[in-house]
């Protein structure tokens with residue numbers, strides 16, 4: 001007799017969403033009962049926000065950590081970057097990745113992968129490839145997830161790049177070239193670092 005395959009239903013999904021809401025409620029309750037929150041409790045709240053698709057809440061919690069004089073760690077930031085990635089917010093994701101360097105922490109593969117995925121969802125293929133290059137520079141070996149996100153970003157960027165090339169031919173000259181120069185993220189990741197190049201396609 002074949003065993004029936006159980007598929008997650010709407011009730012299961014709803015239950016998972018309800019489980020995340022109490023996590024954030026408990027975090028607030030700690031303040032109300034005068035319990036001191038720590039990096040672990042905040043990181044758990046950021047993770048719950050990320051899983052619930054609440055990227056604004058995740059960023060708010062990171063801000064609250066600094067206000068409470070608690071320095072976020074790589075796990076806290078990775079959760080924030082993942083929340084931004086799931087919310088399709090590539091710019092805040094890269095800002096958080098930059099901030100990790102600024103506070104003298106070192107992002108890990110998870111941090112970079114979330115950043116690359118955020119670029120992929122935002123159609124920023126040049127930025128995604130720049131982050132892949134940055135991983136090698138800081139001696140972090142990209143994994144399958146890293147490359148898959150980079151490949152997907154390039155695939156999504158092909159149509160955009162084709163349109164940019166056509167527009168550049170119409171505009172012509174240096175003005176068109178300047179118009180399609182990508183914004184380099186490497187300089188913002190580490191002050192004084194050289195740009196990895198424009199990554200511009202030939203038309």
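Residue numbers (full-length UniProt numbering): 1 to 203. Here a beta-carbon is modelled for each residue, glycine too, at the ideal position from N, C-alpha and C.
(request) Could you work out which residue in 40, 55, 110 and 76 is closest to residue 92 when comparing CA atoms only? (result) Along the chain shown, one-based indexing puts residue 92 at 92. Comparing Cα-Cα distances from residue 92 to each of 40, 55, 110 and 76, the minimum goes to 55.
(request) Would you kindly report the start and end of the unbroken alpha helix (DSSP H) that includes residue 86? (result) As a working note, residue 86 is residue 86 in the chain shown. Where residue 86 is concerned, the enclosing alpha helix (DSSP H) starts and stops at 74-86.
(request) Taking only the alpha-carbon atoms, compute the straight-line gap between residue 85 and residue 114 and give it to the nearest angstrom. (result) The sequence position of residue 85 within the chain shown is 85, counting from 1. The sequence position of residue 114 within the chain shown is 114, counting from 1. If you take the alpha carbons of residue 85 and residue 114, they lie about 6 Å apart.
(message) Please return the same chain residues whose Cβ sits closer than 8 Å to the Cβ of residue 123, not counting the five positions on each side in sequence.
(response) As a first step, residue 123 is located in the chain shown; it is residue number 123 there, counting from the start. Closer than 8 Å at the Cβ level, and outside the excluded window around residue 123, lie 153, 156, 157 and 160.
(request) Taking residue 143 as the reference, give the member of 127, 111, 119 and 126 with the closest Cα. (result) For the purposes of this step, residue 143 is taken as residue 143 along the chain shown, with counting starting at 1. Looking at the Cα atoms, 111 is the closest of the given residues.
(request) Check each candidate in 131, 61, 151 and 87 and name the one with the smallest Cα separation from residue 98. (result) In the chain shown, the residue the question calls residue 98 occupies position 98. For residue 98, the nearest C-alpha among the options comes from 131.
(request) Would you mind reading off the limits of the alpha helix (DSSP H) that contains residue 92? (result) Along the chain shown, read from residue 1 onward, the residue named residue 92 stands at position 92. Residues 90-102.
(request) Please name the residue in 69, 94 and 151 whose C-alpha comes closest to that of residue 118. (result) Looking up residue 118 in the chain shown gives position 118. Measuring from the Cα of residue 118, the nearest candidate turns out to be 94.
(message) Please return the same chain residues whose Cβ sits closer than 6 Å to the Cβ of residue 83, not counting the five positions on each side in sequence.
(response) Position 83 of the chain shown, counted from the start, is the residue given in the question as residue 83. The answer, listed in chain order, is 49, 50, 55 and 58.
(message) Applying the 10 Å Cβ sphere with the 16-neighbour rule, what's the burial state of residue 141?
(response) As a working mapping, residue 141 is identified with position 141 in the chain shown. That one is exposed.
(request) Report the three-state DSSP secondary structure of residue 155 (helix, strand or coil). (result) The residue labelled residue 155 in the question sits at position 155 within the chain shown. It is helical.
(message) Just checking residue 83 against the ligand MG - is the residue's beta carbon closer than 7 Å to any of the ligand's heavy atoms?
(response) Inclusion of the ligand MG in the displayed structure is not the case, the ligand content being empty and no account of it being possible.
(request) Could you tell me which of 74, 121 and 120 sits nearest to residue 100, measuring between CA atoms? (result) Stepping through the chain shown from its first residue, residue 100 is reached at position 100. For residue 100, the nearest C-alpha among the options comes from 74.
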